[in-house]
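Visitor:
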Amino acid sequence: MRVLQLAALGVALLTATGLAAAVPNVPTTDARGVAISEAPYPGTITLDVDATDLGQRVFKIRQSVPVAAGLQRFHYPAWLPGTHSPSGAIEKLAGLVITANGQRLEWMRDPLDVYTFNVQVPEGVATLQMDYQFLSPTDAAQGRAVMTPNMLNLQWNAMVLYPAGHAAHAITYQASVRYPQGWEAASALGVASRDGDTVHYAPVNLEILVDSPVFAGRYHRTFELSAAGTRPVRLNVFADRARDLEAKPEHIAQHRALVTQARKLFGAEHYDHYDFLFAVTSQLGGIGLEHQRSSENSEGRDYFSGWDAKIGSSDLLGHEYTHSWDGKYRRPADLATLNYNVPMQGSLLWVYEGQTQYWGNVLTARSGLRPMEASRDALALVAATYADNRPGLEWRTLGDTTNDPVIARRRPKPYRGYQMSEDYYQGGQMLWLEADARIRKLSGGKRRLDDFAQAFFGRNDGQWQRPDPYTFDEVAATLEQVQPTGDWAQFLHARVEGRIDLTGGLAASGWKLVYRDKPSAYYKAQMKGRGANFIYSLGIALDAAGKVTEVRWDSPAFAAGVGSGMQVMAVNGLQYNASDMEDAVRAAKDSAQPLVLLVKEMDVYRTLHIAYHGGLRYPHLERIEGTPDYLTPILSARK
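The sequence shown maps to residues 56 to 694 in our numbering.
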């Protein structure tokens, strides 16, 4: 009851006094301790982007900012929503020239906050003009490609310098973009007018602008996914070639079912319209990034053409669409910062990303984008990660991995299973599976986690302009409302900060993890072109050339001395290939002899002996006879 009262009080305060006053631990100052004002910034900032330099991949930017005389500070966005980290590409901003009344003004970067630029504005100056460029990557080593000969991905956070000391929602922008001749563009932004290849977007505040990226390209097709009379949802597809846009009606029907199933799940929508920005490409850098009224997504060129050969699509679109509710409208309080230069904290990412990971996979199954059997096989791979292949949980907690966006920023790791990496995604998925099964069991099947989703994420239908922040207490309190137990807070703490096995949801759902000597069809489809994975047997994974990409910390291969980065040259005296490696592991099951690897470590060759006789092992799920099957209804379409 005390938890429920506190949660209700928090909601009342939020309504009465606004974000900063209502939510604990939300900073009201920037990185240098300057107070952030939520009063409207005086005047409208105009932002003009020239995105036509496809060869050199340079975005040319001009910004006009109303100002007053005196010292003015401008931020380049550092802490980016969706990445949960200070990943703003400040190194790619170049050529900054600031002028006023035709005279050039000198600027100085803040040495203790390199994302901030200071400029002294003379008396009599009312507007600053800023000219600069965003030098987008021309090679994979420089970062993700956002401009190709046939498409581009414009993210407004990379384009702006905004006035410091002001909340993002209090600054109004009028943006326009000049696109390459004949290209089409898609964005959640409204279009005010179009002048040839230049699109003038309707004025919005900076928070909405940054949350409304653009995909544009030479080859484009839009599919309507929502029924007439409902809030529009569109699938905007951009491709490297026109033929990659060809989709069969049954393919689009499954995407429409994704929208239908999400609406049934949440019971409300937090957008006036929604745009999937979707690239099927081998050239644009891979992305899956959430926004309130859109999402940035990419898959391979064969997304449609190779459909019939697929065992089931990835959960990418389901995951990013779920974020419109979980993460964007309902947002953890310590991620709901007032602007992009206030440090974020990710303590509730196991809800933001973890429950989204859960619902993304569930909705992918319910829509038919992934068949039932493949959906169970996908879950088996996740469960196997935590059943016996995550030794890092012996020294780190699931909750501690919510710091990984700041600690590691998704850089490759030599011993991923031991170091761990953003486990709040899949570990969170397992936590929420267990919560769903628990609710179903305790309620005799009358309630489910769907009821939590509707109560927690589905309130305030139609609202989207500002996030609705939440805290741990509200999460626990809502679970208690859905299914009273008196111990939901303890349940969550034990799995997030304790050492409890994260695979409990499998048995609770009526299924168990087993290993067989043949992989599932889903597993084979996922591994196509990715090398060979012996993590569940020897404890190693290799790329197509035989380079060791991962070694399980306490595995037979690790005990034999195999290290990440080594090159496997030969297996039992034969030159390495994945098939011969599989044959060797299979043969070792009926032999007392170890597996013999010749490995190359820099310029040193070594022979290593792996004492393993367990045969090939691949994860599968199997029913526990005599127990209720909750997993099948979880993955089945809502009527």
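Backbone N, C-alpha and C fix where the C-beta goes; we use that ideal spot for every residue, glycine too. These numbers come from a predicted model, not from an experiment.
(1) Quick check: the Cα distance between E656 and W608, rounded to an integer number of angstroms?
(2) Give the straight-line distance between the Cα atoms of T253 and A230, rounded to the nearest whole angstrom.
(3) At which residues does the beta strand (DSSP E) containing S379 begin and terminate?
(4) Taking buried to mean at least 16 other C-beta atoms within 10 Å of its own C-beta, is Y660 buried or exposed?
(5) Give a yes or no on contact between the region 318-335 and the region 176-185, applying the rule of three or more CB pairs nearer than 8 angstroms.
(6) With burial defined as no fewer than 16 other Cβ atoms inside 10 Å of the residue's Cβ, what is the status of H130: buried or exposed?
(7) Please classify W450 as buried or exposed, where buried requires at least 16 other C-beta atoms within 10 Å of its C-beta.
(8) For S430, which of helix, strand or coil comes out of DSSP?
(9) Which one or two residues does DSSP pair with D250 in a beta bridge?
(10) In the structure shown, what three-state DSSP assignment does R471 receive?
(11) Identify the residues that DSSP records as bridge partners of F764: which are they?
(12) How is W238 classed by DSSP in three states: helix, strand or coil?
(13) From V551 to L453, what distance separates their C-alpha atoms?
(14) Does the beta-carbon of N156 have 16 or more other beta-carbons within 10 angstroms, so that it is buried, or is it exposed?
(15) Should T118 go down as buried or exposed, given a rule of 16 or more other Cβ atoms within 10 Å for buried?
(16) Applying the criterion that 16 or more other CB atoms from any shown protein chain within 10 Å of the CB defines a buried residue, is R693 buried or exposed?
(17) Going by DSSP, what residue range makes up the alpha helix (DSSP H) through R640?
(18) Determine the extent of the alpha helix (DSSP H) in which N352 is found, giving its start and end residues.
(19) State the start and end residues of the unbroken alpha helix (DSSP H) segment that holds R451.
(20) Tell me the DSSP secondary structure of D165 in three-state form.
(21) By a C-beta neighbour count over all protein chains shown, 10 Å radius and 16 as the cutoff for buried, is E30 buried or exposed?
(22) Between V152 and V174, what straight-line distance do the alpha-carbon atoms span, to the nearest angstrom?
(23) Taking Q147 as the reference, give the member of V201, H255, H139, W162 with the closest Cα.
(24) Decide yes or no for the touch test of the region 326-343 against the region 287-299: beta carbon pairs closer than 8 angstroms, at least 3 of them.
(25) Please name the residue, chosen from P469, A490, K365, that lies closest to Y413 on a Cα-to-Cα basis.
(26) Among L320, D250, A240, which one has its Cα closest to the Cα of V292?
(27) Where do the ends of the alpha helix (DSSP H) carrying E262 lie?
(28) Entirely within the region 556-606 and at least 4 residues each: give me those alpha helix (DSSP H) ranges in chain order.
(29) Determine the extent of the alpha helix (DSSP H) in which D658 is found, giving its start and end residues.
(30) Here's the rule I'm using: 16 or more other beta-carbon atoms within 10 Å means buried, otherwise exposed. How should L406 be labelled?
(31) By DSSP's criteria, M621 is part of a beta bridge. Which residues make up the other side?
(32) Count the other CB atoms within 10 Å of the CB of S267; is the residue buried (16 or more) or exposed (fewer)?
(33) What span of residues does the alpha helix (DSSP H) with V461 cover, start to end?
(34) To the nearest angstrom, report how far apart S498 and Q538 are at their CA atoms.
(35) Output needed for L671: all residues of its chain with C-beta closer than 7 angstroms, excluding positions within five of it in sequence on either side, in chain order.
(36) Here's the rule: buried if 16 or more other CB atoms are within 10 angstroms of the residue's CB, otherwise exposed. What is P469?
Guide: Let's see:
(1) The residue labelled residue 656 in the question sits at position 601 within the sequence shown. The residue labelled residue 608 in the question sits at position 553 within the sequence shown. For E656 and W608, the distance between alpha carbons rounds to 18 angstroms.
(2) Mapped onto the sequence shown, residue 253 falls at position 198. Mapped onto the sequence shown, residue 230 falls at position 175. Rounded to the nearest whole angstrom, the CA to CA distance from T253 to A230 is 11 angstroms.
(3) Here the question's residue 379 lines up with position 324 in the sequence shown. Per DSSP, S379 lies in no beta strand (DSSP E) and is assigned neither H nor E.
(4) Reading the sequence shown from its first residue, position 605 is the one you call residue 660. By the neighbour-count rule (16 or more Cβ atoms within 10 Å), Y660 is not buried but exposed.
(5) Too few Cβ pairs lie closer than 8 angstroms, so no.
(6) Position 75 of the sequence shown, counted from the start, is the residue given in the question as residue 130. Around the beta-carbon of H130, 16 or more other beta-carbon atoms lie within 10 Å, marking it buried.
(7) In the sequence shown, residue 450 corresponds to position 395, counting from 1. Result: exposed.
(8) As a position in the sequence shown, residue 430 is number 375, starting the count at 1. In the three-state DSSP reduction, S430 falls in the helix class (H, G or I).
(9) As a working mapping, residue 250 is identified with position 195 in the sequence shown. As DSSP reads the structure, D250 sits in a beta bridge with T253.
(10) To locate residue 471, count along the sequence shown from 1; it is residue 416. In the structure shown, R471 sits in a helix (DSSP, three-state: H, G or I).
(11) In the structure as shown, the chain starts at 56 and stops at 694, and residue 764 therefore has no counterpart that could be examined.
(12) In the sequence shown, counting from the first residue as 1, residue 238 sits at position 183. The three-state secondary structure of W238, taken from DSSP, is coil.
(13) Along the sequence shown, one-based indexing puts residue 551 at 496. Along the sequence shown, one-based indexing puts residue 453 at 398. Rounded to the nearest angstrom, the two C-alpha atoms are 5 angstroms apart.
(14) Mapped onto the sequence shown, residue 156 falls at position 101. When all chains shown are included, N156 counts as exposed.
(15) Taking the sequence shown and counting its residues from 1, one reaches residue 118 at position 63. Here residue 118 is Gln; the residue named in the question, Thr, does not match the sequence. When all chains shown are included, Q118 counts as buried.
(16) Position 638 of the sequence shown, counted from the first residue, corresponds to residue 693. So R693 counts as exposed.
(17) For this step, residue 640 is matched to residue 585 along the sequence shown. One point to set straight first is that residue 640 is Val, not Arg, in the sequence displayed. In the DSSP assignment, V640 falls within the alpha helix (DSSP H) that extends over 633-643.
(18) For the purposes of this step, residue 352 is taken as the residue at position 297 of the sequence shown. In the DSSP assignment, N352 falls outside any alpha helix (DSSP H) and within the unbroken beta strand (DSSP E) covering 349-354.
(19) Looking up residue 451 in the sequence shown gives position 396. Here R451 belongs to no alpha helix (DSSP H), and DSSP marks it neither H nor E.
(20) Position 110 of the sequence shown, counted from the start, is the residue given in the question as residue 165. DSSP places D165 in strand when its eight states are reduced to three.
(21) In the structure displayed, the chain extends from 56 to 694; residue 30 sits before or after that span and is not available.
(22) The count along the sequence shown starts at 1 and reaches residue 152 at position 97. The count along the sequence shown starts at 1 and reaches residue 174 at position 119. C-alpha separation (whole angstroms): 11 angstroms.
(23) Your numbering for residue 147 matches position 92 in the sequence shown. Strictly speaking, residue 147 in this sequence is Lys, with Gln absent from that position. Nearest of V201, H255, H139, W162 to K147, Cα basis: V201.
(24) The region 326-343, when compared against the region 287-299, does touch it at the 8 angstroms Cβ threshold.
(25) Within the sequence shown, the letter at position 358 stands for residue 413. The option with the nearest alpha carbon to Y413 is A490.
(26) On the sequence shown, position 237 is the one that residue 292 refers to. Looking at the Cα atoms, A240 is the closest of the given residues.
(27) One-based indexing of the sequence shown puts residue 262 at position 207. That run of the alpha helix (DSSP H) goes 261-265.
(28) Whole alpha helix (DSSP H) segments, 4+ residues: 559-563, 576-582.
(29) Residue numbering aside, residue 658 sits at position 603 when the sequence shown is read from its first letter. Counting along the chain, D658 falls outside any alpha helix (DSSP H), and DSSP gives it neither H nor E.
(30) For this step, residue 406 is matched to residue 351 along the sequence shown. Before going further, note that residue 406 is Val rather than Leu in the sequence given. Buried, because 16 or more other Cβ atoms sit within 10 Å of the Cβ of V406.
(31) On the sequence shown, position 566 is the one that residue 621 refers to. Bridge partners of M621: none, in fact.
(32) For this step, residue 267 is matched to residue 212 along the sequence shown. Burial check for S267: the Cβ neighbour count within 10 Å reaches 16 or more, so the residue is buried.
(33) The count along the sequence shown starts at 1 and reaches residue 461 at position 406. Where V461 is concerned, the enclosing alpha helix (DSSP H) stretches over 459-462.
(34) For the purposes of this step, residue 498 is taken as residue 443 along the sequence shown, with counting starting at 1. For the purposes of this step, residue 538 is taken as residue 483 along the sequence shown, with counting starting at 1. The C-alpha of S498 lies about 7 angstroms from the C-alpha of Q538.
(35) Along the sequence shown, read from residue 1 onward, the residue named residue 671 stands at position 616. Apart from the 5 residues on each side of it in sequence, L671 sits with its Cβ closer than 7 angstroms to the Cβ of D572, S592, E637, V640, R641 in its chain, given in chain order.
(36) Here the question's residue 469 lines up with position 414 in the sequence shown. By the Cβ-count criterion, P469 is exposed, with fewer than 16 other Cβ atoms from all chains shown falling within 10 Å of its own Cβ.
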